[in-house]
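S.K.: Mind having a look at this structure? Questions to follow.
Protein chains: 2
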Amino acid sequence: MTGRSPGPRSQAPPAGGAAADVTPVTRPPGELLSIGAAAQLLGISERALRYYQQLGLVTPCGTTPGGMRRYSDEDLARVARIRELQSLLGLNLDEIAVVLRNDDRAAEIKQLYHDERTGADKRTELVRESLRMQEQLRATVEAKRASLDQFLASVDERIARLEGALEREAGSTSRATDRTHQQTG
Amino acid sequence: MTGRSPGPRSQAPPAGGAAADVTPVTRPPGELLSIGAAAQLLGISERALRYYQQLGLVTPCGTTPGGMRRYSDEDLARVARIRELQSLLGLNLDEIAVVLRNDDRAAEIKQLYHDERTGADKRTELVRESLRMQEQLRATVEAKRASLDQFLASVDERIARLEGALEREAGSTSRATDRTHQQTG
DNA sequence: TCAAACCCTTACGTCAACGTCAGAGTTGAC
DNA sequence: GTCAACTCTGACGTTGACGTAAGGGTTTGA
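This is the structure:
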């Protein structure tokens, strides 16, 4: 009911935890991965990786002399982020591109921030810019969370009513049909 | 960045609150609505309503002698539920069909529960069944909420770091380049 | 009663996010 | 060096969730 993991349709698969059921691929330390290995580790298809690259979302950090893609840990993290934004926030790849560009800008800002040549006021300005972007993202997430909490509350309410009914049933043990069956909505 | 409302792509539009920006359509009391009125009130297209019917998700409570659909408030609520399940949980229409079937079963159970002819043990059994279904849905929602909270926490952490940096900048007011620029991650 | 506004079914179109297949090149172990 | 396994670049196919247009009925207010 929560959507089968292997399929690409509907929900995006986990892609953040362990890979597929077979061959958990005990992750290598800091080596570069081929597209096949990366795909298996992330639990997604090679096609998806190429597609993300085509859209400019993730470019593998390098290639072999023959032109074969090599993915770093950082690249993998970026792909994981994509899947997270897909499944958690329901963003499409265009919207995700915006978020990733903000991430990149944040990294750039961090560099500049630690650069000795950056003046104090410039530094402050950069931090403010980064802050604005993060707060915008936060607003999106928070909105989603609020709706989800409300939904969860309504489910919990139904559950509470049902549990109440169950207790009342248990209370009226052997006496057959008493009239304690309230009309609770 | 949060997905434009009018478009059908990516995220499902609100459909729970007010309709489109023009003509808020101050809802009629308990009358039946034509498909056009229903669509406008819900902020979705007529095509979507027909499509949901085609999939067996929502059948308007009646039709005119000429065969034109009439939607009750209950029908509208059902459609709103569909949109909510789409946008909040990211379920596809097949998965939503399952949830709606559970909703229907719950309503049926409620009827049986309040039926005098239903015995005490049967009653208990029915409540248990309903409870199981709701708890299954709850698990789905809760899982989503947990991931979302974690994501939100990570965003908040970044924000906190940035705010810290900002305060430190404000602290080192006029003195040009001091060395209080910590390496915080 | 009659025309404008609305609705019906049927059917083809669209768009995102990949799936899949073909034909050719690359790599790495032996 | 060679061969199996892997990867490359096109390019067309698929699927879900509708959009859209055609051709024809239905409703309703004047």
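These protein sequences, in sequence, are chains W and G.
So in the working numbering, spot 68 of the first sequence is number 79, and the numbers just go up one at a time.
So in the working numbering, spot 174 of the second sequence is number 185, and the numbers just go up one at a time.
Built from N, CA and C at the ideal position, the CB exists for glycine as well.
For clarity, every value in this text was computed on a predicted model and none was experimentally measured.
So, is W/Y62 buried or exposed, given that buried needs 16 or more other C-beta atoms within 10 angstroms?
M.R.: As a working mapping, residue 62 of chain W is identified with position 51 in the first sequence. With fewer than 16 other Cβ atoms within 10 Å, it is exposed.
S.K.: To the nearest angstrom, report how far apart W/Q64 and W/P71 are at their CA atoms.
M.R.: Within the first sequence, the letter at position 53 stands for residue 64 of chain W. Within the first sequence, the letter at position 60 stands for residue 71 of chain W. Computed Cα separation, rounded: 8 Å.
S.K.: Find out if the Cβ-Cβ distance for the pair W/L53, W/L100 is shorter than 8 Å.
M.R.: As a working mapping, residue 53 of chain W is identified with position 42 in the first sequence. As a working mapping, residue 100 of chain W is identified with position 89 in the first sequence. No, Cβ-Cβ distance for W/L53 and W/L100 is not below 8 Å.
S.K.: Let's see if you can read the secondary structure: which residues bound the alpha helix (DSSP H) around G/T151?
M.R.: As a first step, residue 151 of chain G is located in the second sequence; it is residue number 140 there, counting from the start. Where G/T151 is concerned, the enclosing alpha helix (DSSP H) stretches over 131-182.
S.K.: Any idea if G/T34 is buried or exposed, counting beta-carbon neighbours within 10 angstroms, 16 or more meaning buried?
M.R.: Taking the first residue of the second sequence as position 1, residue 34 of chain G is located at position 23. Below a pLDDT of 50, predicted positions are generally treated as unreliable, and G/T34, at 41, falls in that range; the measurement from the model is reported next regardless. G/T34 comes out exposed.
S.K.: The alpha helix (DSSP H) with W/V110 in it runs from where to where?
M.R.: If you number the first sequence from 1, residue 110 of chain W lands on position 99. That run of the alpha helix (DSSP H) goes 104-124.
S.K.: Classify W/A157: buried if its beta carbon has 16 or more other beta carbons within 10 angstroms, exposed otherwise.
M.R.: Walking along the first sequence from the start, residue 157 of chain W turns up at place 146. By the neighbour-count rule (16 or more Cβ atoms within 10 Å), W/A157 is not buried but exposed.
S.K.: Which chain W residues are close to G/A91, counting only those with a beta carbon under 8 Å from its beta carbon?
M.R.: The residue labelled residue 91 of chain G in the question sits at position 80 within the second sequence. Within 8 Å Cβ-Cβ: nothing; G/A91 doesn't reach chain W, min ~12 Å.
S.K.: Note down the Cα distance separating W/E136 from G/A176, rounded to an integer number of angstroms.
M.R.: Translated into positions along the first sequence, residue 136 of chain W becomes position 125. Translated into positions along the second sequence, residue 176 of chain G becomes position 165. Straight-line Cα distance between these residues: approximately 11 Å.
S.K.: Among the residues of its own chain, which have a CB less than 7 Å from the CB of G/E180, if the five just before and after it don't count?
M.R.: As a first step, residue 180 of chain G is located in the second sequence; it is residue number 169 there, counting from the start. Contacts found: none.
S.K.: Between G/R169 and W/Q147, is the Cβ-Cβ spacing less than 8 Å?
M.R.: For the purposes of this step, residue 169 of chain G is taken as residue 158 along the second sequence, with counting starting at 1. For the purposes of this step, residue 147 of chain W is taken as residue 136 along the first sequence, with counting starting at 1. No, these two residues do not count as a Cβ contact at 8 Å.
S.K.: Cβ of G/L159 within 8 Å of Cβ of W/K155?
M.R.: The residue you call residue 159 of chain G lines up with position 148 of the second sequence. The residue you call residue 155 of chain W lines up with position 144 of the first sequence. Against a cut-off of 8 Å, the Cβ pair of W/K155 and G/L159 comes out as a contact.
S.K.: Got a sec: which bits of the segment 65-88 of chain G sit with their beta carbon under 7 Å from any beta carbon on chain W, in order along the chain?
M.R.: none
S.K.: Checking contacts by CB at 8 Å: is W/E57 closer than that to chain G?
M.R.: The sequence position of residue 57 of chain W within the first sequence is 46, counting from 1. For W/E57, the answer is no, since every Cβ of chain G falls outside 8 Å of its Cβ.
S.K.: Of all the CB atoms in chain G, is at least one closer than 8 Å to the CB of W/A50?
M.R.: Within the first sequence, numbered from 1, the residue matching residue 50 of chain W stands at position 39. Closer than 8 Å to the CB of W/A50 there is not a single CB belonging to chain G.
S.K.: Mapping the DSSP letters down to three states, classify W/R81 as helix, strand or coil.
M.R.: Taking the first sequence and counting its residues from 1, one reaches residue 81 of chain W at position 70. Residue state, collapsed to three classes: strand.
S.K.: Which value, in whole angstroms, describes the spacing of the CA atoms of W/R112 and G/A171?
M.R.: Stepping through the first sequence from its first residue, residue 112 of chain W is reached at position 101. Stepping through the second sequence from its first residue, residue 171 of chain G is reached at position 160. For W/R112 and G/A171, the distance between alpha carbons rounds to 21 Å.
S.K.: Can you tell me where the alpha helix (DSSP H) holding G/G47 begins and where it ends?
M.R.: Locating residue 47 of chain G in the second sequence gives position 36, where the first residue counts as 1. Looking at the DSSP string, the run of the alpha helix (DSSP H) that includes G/G47 is 46-53.
S.K.: So W/R156 contacts chain G; which residues on that side make the cut at Cβ distance below 8 Å?
M.R.: Locating residue 156 of chain W in the first sequence gives position 145, counting from the first residue. Here the neighbours are R156, L159, D160, L163.
S.K.: Would W/G182 count as contacting chain G if we go by Cβ distances under 8 Å?
M.R.: By one-based count along the first sequence, residue 182 of chain W stands at place 171. No, W/G182 lies away from the interface with chain G (no Cβ there is under 8 Å from its Cβ).
S.K.: Confirm the yes/no value for this check: CB of W/D126, any heavy atom of the ligand FMN, distance under 7 Å.
M.R.: Because no ligand of any kind appears in the structure shown, any question about the ligand FMN cannot be addressed here.
S.K.: Decide if the segment 43-50 of chain W is in contact with the segment 77-86 of chain W; the criterion is three or more beta carbon pairs, one per stretch, under 8 Å apart.
M.R.: yes
S.K.: So with Cβ pairs under 8 Å, would you call G/V33 a contact of chain W?
M.R.: What you label residue 33 of chain G is simply residue 22 of the second sequence in a count that begins at 1. Because G/V33 sits at a pLDDT of 40, beneath the cut-off of 50, its placement in the model cannot be relied upon, and the following sentence gives the value as read from the coordinates. Taking 8 Å as the CB threshold, G/V33 stays off the interface with chain W.
S.K.: Quick check on W/L60: buried or exposed, where buried means 16 or more other Cβ atoms within 10 Å of its Cβ?
M.R.: One-based indexing of the first sequence puts residue 60 of chain W at position 49. So W/L60 ends up on the buried side.
S.K.: G/A108 and G/G67 - do their beta-carbons sit closer together than 8 Å?
M.R.: Your numbering for residue 67 of chain G matches position 56 in the second sequence. Your numbering for residue 108 of chain G matches position 97 in the second sequence. Closer than 8 Å, so yes.
S.K.: Could you tell me whether any Cβ in chain G is nearer than 8 Å to the Cβ of W/R2?
M.R.: The displayed coordinates of chain W run from 12 to 196. Any statement about residue 2 of chain W would go beyond what the structure contains.
S.K.: With respect to the alpha helix (DSSP H) encompassing G/L43, which residues constitute its N-terminal and C-terminal limits?
M.R.: The sequence position of residue 43 of chain G within the second sequence is 32, counting from 1. G/L43 -> no alpha helix (DSSP H), and no H or E assigned at all.
S.K.: Give me the chain W residues within the contact set of G/L53, using Cβ-Cβ distance strictly less than 9 Å, ordered along the chain.
M.R.: The residue given as residue 53 of chain G occupies position 42 in the second sequence. Residues of chain W passing the Cβ test: none, with the nearest at roughly 17 Å.
S.K.: Just mark G/T151 as buried or exposed, buried being the case when its beta carbon has 16 or more other beta carbons within 10 Å.
M.R.: Residue 151 of chain G sits at position 140 when you count from the first residue of the second sequence. Buried.
S.K.: Would you kindly report the start and end of the unbroken alpha helix (DSSP H) that includes W/L60?
M.R.: Here residue 60 of chain W is taken as the residue at index 49 of the first sequence, counted from 1. Start and end: 57-65.
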